[in-house]
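Using full-length UniProt numbering, the first residue of the sequence shown is number 1, and each one after it goes up by one.
All residues carry an ideal CB built from backbone N, CA and C; glycine is no exception.
Every value quoted in this text rests on a predicted model; they were computed, and no experiment measured them.
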Amino acid sequence: MTQPTPDILTTFEATYGRLVSVAMPVPSVDLLAFLASAEGQPRCYWEHAAEPIAFAGVGAALDLTAWGADRWQQMQAYAQAVFHHAHIDTPDPAAGPRLFGGLAFSDDFLPDITWADFAPAQLLLPHYQLTRHGDQCYLTINAHLAPDDDLDALRAALAESLRIKAATLADLTAPMPAPHAPNRVAYPTSFEGWQRMIDAATGRIRAGELAKVVLARVAELRFASPVEVLRPLAWLRAAYPHTYRFLFEPRPRVAFYGATPELLVEVQGRQFRTMGLAGSARRGRTPEEDAALAAELLHDPKNCHEHQIVVERIAATLRPLVSELTVGEMGVLALSNIQHLYTPMHGTFPQPMGLLTVAEHLHPTPALGGEPRDAALALISALEAAPRGWFGAPVGWVDASGGGQLAVAIRSAIAQQRRVWLYAGCGIVADSDPLKEWGETALKFRPMLHALGVQQEALHG
């Protein structure tokens with residue numbers, strides 16, 4: 001991974017100082033309980049049942065934003081500068097400081113009323129970070145050393161603050177996954193409007209302008225009181241453990257959260273892994289029906305074609321960057337209410353690459369944009385009624401090595417006081433049927449609706 005330029009490093013350290021991070025082992029603590037103890041502060045969260053590392057962060061030692069077409073390069077430079085001269089004291093590298101955040105789907109993102117508190121790119125360094133690595137748990141504190149500060153004195157002060165904070169952890173209790181039950185659920189795009197969108201897209205595809213485009217629609221929920229997002233997150237953790245559950249809450253009661261099955265990319269040194277995820281079907285009501293639906297999905301021409309477009313584009317994007325690429329066999333990734341066609345990929349770079357640099361090459365894959373990319377993005381902009389904001393974009397974390405994980409922010413919601421917006425999309429190819437695609441997006445809305453207390457009879461969108 002390249003180092004930050006001297007000019008960037010000098011400017012950054014003059015503005016923010018140098019990072020000092022101290023960690024200590026603590027007894028096991030529920031991550032959501034840790035977040036619940038810090039209501040009113042910036043909060044972030046990352047967890048997946050099959051991943052060795054999960055963490056939650058509260059407070060903001062650093063809040064970095066980037067605007068403009070070069071937002072990816074700005075954030076990569078910021079991440080390098082944060083950690084370049086950092087003083088990190090930790091018993092386990094996994095307990096080291098992490099920047100957490102994401103980027104908007106589009107380079108020309110402008111905050112509207114829904115996304116007013118979000119930047120085109122934003123990374124948060126928590127003041128306190130609770131990390132679970134396997135069966136070990138660590139508490140980390142992050143702060144910044146000004147040019148005239150004494151390093152040893154600051155380390156001692158941070159260690160004392162850490163001990164005081166650690167003493168409070170034993171009394172924390174996890175939030176209950178009790179639903180809020182909204183007063184109103186609305187779907188701004190009518191089926192007739194959706195049908196016009198799909199017909200316009202398939203017409204362009206049949207004319208040879210593009211091979212695939214992903215179109216999304218929105219559900220809007222209104223509540224009697226502000227939504228506490230830890231409740232739906234607790235529900236999603238129980239119901240969808242094998243997803244990347246995430247939370248990015250830069251302001252009180254303004255939060256982007258979700259439970260996505262899709263990894264954009266993980267980078268550790270020269271090693272990386274990613275996936276193609278496209279093509280969907282519902283789960284069966286019995287084991288026999290479930291197996292039959294999975295087999296049908298694996299052999300369905302429309303879904304397999306849509307999936308292959310995604311896999312081929314990801315592989316073609318990576319090949320010029322890597323020394324080795326392995327594309328696995330296509331299979332089925334089964335979640336509680338839906339199953340997807342899934343192809344794992346992994347490989348090696350000739351030299352270490354920064355996570356954000358790799359992600360810039362990949363985003364958006366045809367799983368959320370289309371193929372070819374530019375034509376698909378132009379069509380999305382022309383047809384979709386609501387801006388996507390951070391929906392379908394990278395969200396995740398980067399560590400001191402420049403590696404980390406970024407997921408694709410699907411099965412997600414933006415909560416703003418008493419209102420919540422959900423997003424769901426589906427891949428459109430030449431033979432897509434508007435009614436079937438409407439049903440697929442309804443299926444994708446369902447986890448987030450259920451987590452918010454919407455009952456089955458209200459799932460009419």
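Cα-Cα separation, residue i to residue j
i, j, result
"Q76", "R98", "13 Å"
"L277", "A156", "47 Å"
"R237", "D148", "45 Å"
"E457", "M448", "Unreliable placement is indicated for E457, whose pLDDT of 46 sits below 50; the coordinate value is still reported in the next sentence. The straight-line gap from Cα to Cα measures roughly 15 Å."
"A119", "A442", "29 Å"
"P352", "D92", "21 Å"
"L123", "Q129", "14 Å"
"C426", "N142", "40 Å"
"D7", "Q73", "15 Å"
"A259", "I338", "13 Å"
"V229", "A153", "38 Å"
"I309", "P366", "7 Å"
"R87", "A23", "One detail in the question is off: residue 87 reads as His in this sequence, not Arg. In a straight line, the C-alpha of H87 is about 11 Å away from that of A23."
"I53", "E192", "45 Å"
"A224", "R446", "21 Å"
"Q334", "A159", "Note on identity: in this sequence residue 334 is Ala, with Gln being the wrong assignment. Cα to Cα, A334 sits roughly 44 Å from A159."
"H307", "L264", "15 Å"
"A79", "G269", "15 Å"
"D290", "C304", "18 Å"
"L9", "L321", "26 Å"
"A146", "T357", "29 Å"
"F272", "H340", "22 Å"
"P387", "L377", "12 Å"
"M345", "H361", "15 Å"
"F109", "D374", "16 Å"
"P301", "A393", "27 Å"
Endpoints, beta strand (DSSP E) assigned at residue i
i, result
"G102", "R98 to L103"
"G284", "From DSSP, G284 is part of no beta strand (DSSP E); its letter is neither H nor E."
"T202", "Premise fails: T202 lies in the alpha helix (DSSP H), F191 to R206, not in any beta strand (DSSP E)."
"F55", "I53 to V58"
"V408", "G404 to V408"
"M63", "The sequence given here has Asp at residue 63, not Met. It spans L62 to A66 - the beta strand (DSSP E) in which D63 sits, taken as one unbroken run."
"E266", "L263 to Q268"
"R245", "Y244 to R251"
"S412", "S412 to Q416"
Extent of the continuous alpha helix (DSSP H) run through residue i
i, result
"H127", "First-last for H127: undefined, no H or E at that position."
"D374", "R373 to L383"
"L318", "P301 to L318"
"P434", "P434 to A451"
"V398", "Element bounds for V398: not the alpha helix (DSSP H) but the beta strand (DSSP E), P394 to D399."
"Q80", "R71 to H84"
"W235", "L230 to A239"
"E360", "L355 to L362"
Beta-carbon proximity of residue i to residue j, cut-off 8 Å
i, j, result
"F83", "A359", "no"
"residue 462", "V395", "The question about residue 462 has no answer here: the residues shown for the chain are numbered 1 through 461."
"T348", "E324", "yes"
"residue 473", "P241", "The structure shown does not extend to residue 473, since the chain is modelled only from 1 through 461, so no value can be given for it."
"L247", "R411", "no"
"I205", "P434", "no"
"A121", "G389", "no"
"A95", "T140", "yes"
"P175", "V454", "no"
"D117", "R222", "no"
"A201", "L452", "no"
"H144", "Y16", "yes"
"D89", "S21", "yes"
"L210", "V267", "no"
"A61", "F34", "no"
"Y244", "A415", "no"
"K165", "G370", "no"
"P287", "R418", "no"
"S280", "E440", "yes"
"G284", "A292", "yes"
Identity of the residues DSSP links to residue i by a beta bridge
i, result
"E220", "A186 and W421"
"N142", "S21"
"I338", "R282"
"P27", "In DSSP, P27 forms no bridge with anything."
"D89", "V22"
"K165", "Beta-bridge pairing links K165 to no other residue."
"residue 469", "Given that the chain is displayed from residue 1 to residue 461, the structure contains no residue 469 and the question cannot be resolved."
"P344", "M275"
"E47", "R245"
"residue 463", "Nothing can be reported for residue 463: it is not among the residues displayed for the chain, which extend from 1 to 461."
"T326", "H346"
"L215", "C426"
Is it true that the region 212-219 meets the region 182-202, where meeting means three or more beta-carbon pairs spaced less than 8 Å apart? With the cut-off at 8 Å, the region 212-219 and the region 182-202 touch.
At least three beta-carbon pairs within less than 8 Å, the region 274-288 to the region 307-316: Result yes; three or more Cβ-Cβ pairs closer than 8 Å.
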